[in-house]
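Novice: In the working numbering, the protein residues as written are 1 to 203. Beta carbons are placed, not taken as given, at the ideal position from N, Cα and C, and that holds for glycine. Keep in mind that this is a model prediction, so the values were computed, not measured. Handing you a structure now.
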């Protein structure tokens, strides 16, 4: 479980475990993390967590949201990242390592459907013919900062979830239609399009 350490001017104020899928940060009390400062917008930013991977998204705040001193609209978080909102900082402390693309450290049985490992076959672009095995509970695909989606496994069913479309707000495409962040179920031979690359889901 990750946590957020809130501080200002070098003094730690509080710690917040990231136990919910959506954590909102803002000036008014209905936020998960309430920061009573006029430099903070009423609903300033939110952190979305899918399994063990967290992303922060600015919610059209007045003064902006920064990660490691760089202003962002949406960004994947890693252990040690410092989020700055006005005069306050939130340090992201991850206690679980996020799965990596094609990470083979997971037991292969996690990705088995009908005795074989589910995977994505790349069918366009420079890497045609290569496969991305889906051996963990979540595999992220795409390019961070440009277009990111995730394939997650819940029970015996796989889902495609849209995470970040970058500045151009590129949608994640499944069989020619955009999918929402909540996730669309996948069946064998579905065609995904992420960051301009087409992939076939095989299970």
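Looking only at its own chain, which residues have a Cβ that is under 7 Å from the Cβ of residue 191, when we skip the five neighbours before and after it?
Specialist: 175, 198, 200
Novice: Going by the DSSP bridge assignment, what does residue 207 pair with across the sheet?
Specialist: A question about residue 207 goes unanswered here, because the residues of the chain that appear run from 1 up to 203.
Novice: Quick check on DSSP: helix, strand or coil for residue 168?
Specialist: coil
Novice: Would you mind listing the beta strand (DSSP E) stretches within the segment 72-96 that are 3+ residues and don't spill past its ends, in chain order?
Specialist: 74-76, 82-85, 88-93
Novice: Does DSSP classify residue 39 as helix, strand or coil?
Specialist: coil
Novice: Tell me whether residue 90, by its Cβ, gets closer than 6 Å to a heavy atom of the ligand NAD.
Specialist: This structure simply doesn't include the ligand NAD, nor any ligand for that matter.
Novice: Please return the same chain residues whose Cβ sits closer than 7 Å to the Cβ of residue 3, not counting the five positions on each side in sequence.
Specialist: 15, 16, 17, 18, 93
Novice: Quick one, are the C-beta atoms of residue 130 and residue 153 less than 7 Å apart?
Specialist: No, these two residues do not count as a Cβ contact at 7 Å.
Novice: How about the segment 66-78 and the segment 117-127: do they share at least three Cβ pairs that are nearer than 8 Å?
Specialist: They do not touch, by the three-pair rule.
Novice: Quick check: the Cα distance between residue 53 and residue 158, rounded to an integer number of angstroms?
Specialist: Residue 53 and residue 158 have their C-alpha atoms spaced approximately 17 Å apart.
Novice: Go ahead and label residue 8 buried or exposed: buried means 16 or more other beta carbons lie within 10 angstroms of its beta carbon, across all protein chains shown.
Specialist: Looking at its Cβ environment, which holds fewer than 16 other Cβ atoms inside 10 Å, residue 8 is exposed.
Novice: With a threshold of 6 Å on Cβ separation, who are the neighbours of residue 42 within its own chain once the five nearest residues in sequence on each side are excluded?
Specialist: 26, 27, 28
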